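Just so you know, we're using our numbering here: the sequence shown kicks off at 14 and counts up by one.
Just so you know, even glycine gets a beta-carbon here, dropped at the ideal spot from N, CA and C.
Keep in mind it's a predicted model, so treat the numbers as computed, not measured.
In what follows, a structure is listed as structure tokens, so that the remarks can point back to it.
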Amino acid sequence: MADTFVFEAPRDCPALPLVFDSPHSGQLFPPDFVSSVQPEQLRTGCDLFVDDLWGAVPSMGGQLLHALYSRMYIDLNRAPDDIDLLLLKGPVGEVNPTAYSERGMGLIRRLALPDLPMYESRFSLFEIRARIQQYHSPYHQKLKSTLDALHQRFSGVWHIDCHSMKSRGNLMNIDSGALRPDVVLGDNDGRSAGADFVDVIEQGFVRLGYSVVRNSPYKGGYLVRHYGDPENNRHSTQIEINRALYMDEQLFSPNQNYAAFKKDLCTISQQIADFVGCAVA
Ligand SMILES: [Zn+2]
């Protein structure tokens with residue numbers, strides 16, 4: 014089976030219990046993806062360049078996991094049973110659609126964009142389970158085993174789930190039409206990570222002049238809710254960065270600020286790595 018993700022271990026330095034993951038930066042589609050939605054429209058849902066922007070993390074002792082396949086095929090930041098009933102034909106079985114599915118953006122997208130259906134026909138639960146098995150499960154198994162091994166070795170683990178956001182939300186977003194800040198940190202209102210960890214991330218951005226908001230409009234998705242357990246020293250925080258900072262949102266190409274922004278993320282990553290290093294020293 015083809016690789017569905019890339020995992021980069023720490024290089025040229027000792028490992029820290031620090032894991033970054035980018036579940037939405039992949040752009041591949043398997044041959045069984047059949048949709049009349051145009052490639053530019055599919056790209057709007059992806060976190061283009063996010064894996065590259067955080068690419069210095071392994072040189073600081075962190076691990077970096079990123080998906081190769083598009084979230085428009087299957088969304089790794091959704092529970093495997095967050096399945097939209099309007100996509101299904103035949104027996105429904107065990108599904109648990111959340112508000113994401115209601116908005117057309119559950120595990121398998123019903124809508125590519127507002128009023129733009131992704132598919133012309135429905136799926137059997139068997140077809141959806143095949144996608145889960147081939148693309149969703151391997152990513153989560155890798156992330157879980159990495160977090161578990163680090164937690165066992167260091168008695169604590171710090172995870173950052175990396176995303177990007179359009180500079181203005183569309184009708185499928187809960188903040189439709191609103192202009193967004195530079196950065197949104199999501200820790201599920203303090204339930205997925207210790208406050209000191211989130212403070213370090215926020216201060217890193219603020220010191221470099223970026224505007225940061227916590228938990229609005231994004232509190233953190235399935236990944237941070239599923240893996241964060243601060244009472245057991247497992248910390249998960251979501252970082253959403255505003256695409257206008259580093260890319261042309263219409264052309265899907267890096268803008269002139271790309272290199273400078275990547276350098277800033279490198280500075281912030283080092284501060285996060287220093288925090289984690291001190292926490293386990
Ligand atoms: Zn994302």
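- Message: On the DSSP bridge list, what partners appear for Ala-80?
- Response: Phe-18
- Go through its chain and collect everything with a Cβ distance to Ser-224's Cβ below 6 Å, but skip five positions before and after it. Pro-194, Asp-195
- Message: Just to confirm the assignment, what range does the alpha helix (DSSP H) spanning Asp-297 have?
- Response: The structure shown has nothing for residue 297, since the chain only spans 14 to 294.
- Query: Going by alpha carbons, who is nearest to Val-237 out of Pro-23, Asp-202, Gln-269?
  - Reply: Asp-202
- Task: List in chain order: all unbroken beta strand (DSSP E) runs of 3+ residues lying wholly within the stretch 111 to 138.
- Result: 124 to 126
- Query: Among residues of its own chain, excluding the 5 on either side of Leu-192, which ones have a beta-carbon nearer than 7 Å to its beta-carbon?
  - Reply: Ser-180, Arg-181
- Arg-91 burial status per 10 Å Cβ neighbour count (16 or more: buried): buried
- Task: Find out if the Cβ-Cβ distance for the pair Leu-198, Thr-250 is shorter than 8 Å.
- Result: yes
- Take Pro-110 and list the residues in its own chain whose beta-carbon comes closer than 7 Å to its own, dropping the five residues that flank it on each side. Asp-95, Ile-96, Asp-97, Leu-98, Gly-119
- Could you check how far apart the C-beta atoms of Ser-302 and Gly-103 are, in whole angstroms? I think they sit under 8 Å. Residue 302 is absent from the structure shown; the chain starts at 14 and stops at 294.
- Message: Taking the beta strand (DSSP E) that Cys-175 belongs to, which residues open and close that run?
- Response: 170 to 178
- Is the stretch 121 to 132 touching the stretch 46 to 59, taking contact as three or more C-beta pairs under 8 Å? yes
- Measuring from the CB of Asp-60, is there a heavy atom of ligand 1 at a distance below 7 Å? yes
- Excluding the 5 residues preceding and the 5 following Asn-228 in the sequence, name in chain order all residues of the same chain whose CB lies nearer than 6 Å to its CB. Gly-199, Asp-202
- Any chance the CB of His-79 is under 7 Å from a heavy atom of ligand 1? no
- Task: Please confirm whether Pro-310 and Val-170 have their CB atoms less than 8 Å apart.
- Result: Any question about residue 310 goes unanswered here, given that the chain covers just 14 to 294.
- Query: For Leu-29, which residues does DSSP report across the bridge?
  - Reply: Per DSSP, none; premise fails for Leu-29.
- Report yes if the C-beta of Ser-180 is less than 7 Å from at least one heavy atom of ligand 1; otherwise report no. no
- Query: Fully enclosed by the stretch 32 to 69, which alpha helix (DSSP H) runs are 4 residues long or longer?
  - Reply: 52 to 56, 63 to 66
- Task: Starting from Val-289, trace the alpha helix (DSSP H) both ways and give me its first and last residue.
- Result: 271 to 292
- Message: Quick check: the stretch 78 to 92 against the stretch 49 to 64, are at least 3 beta-carbon pairs closer than 8 Å?
- Response: yes
- Considering only the beta carbon of each residue, do Val-70 and Leu-163 sit closer than 8 Å? no
- Who does Ile-141 pair with in a DSSP beta bridge? Answer is none; Ile-141 lacks a bridge partner.
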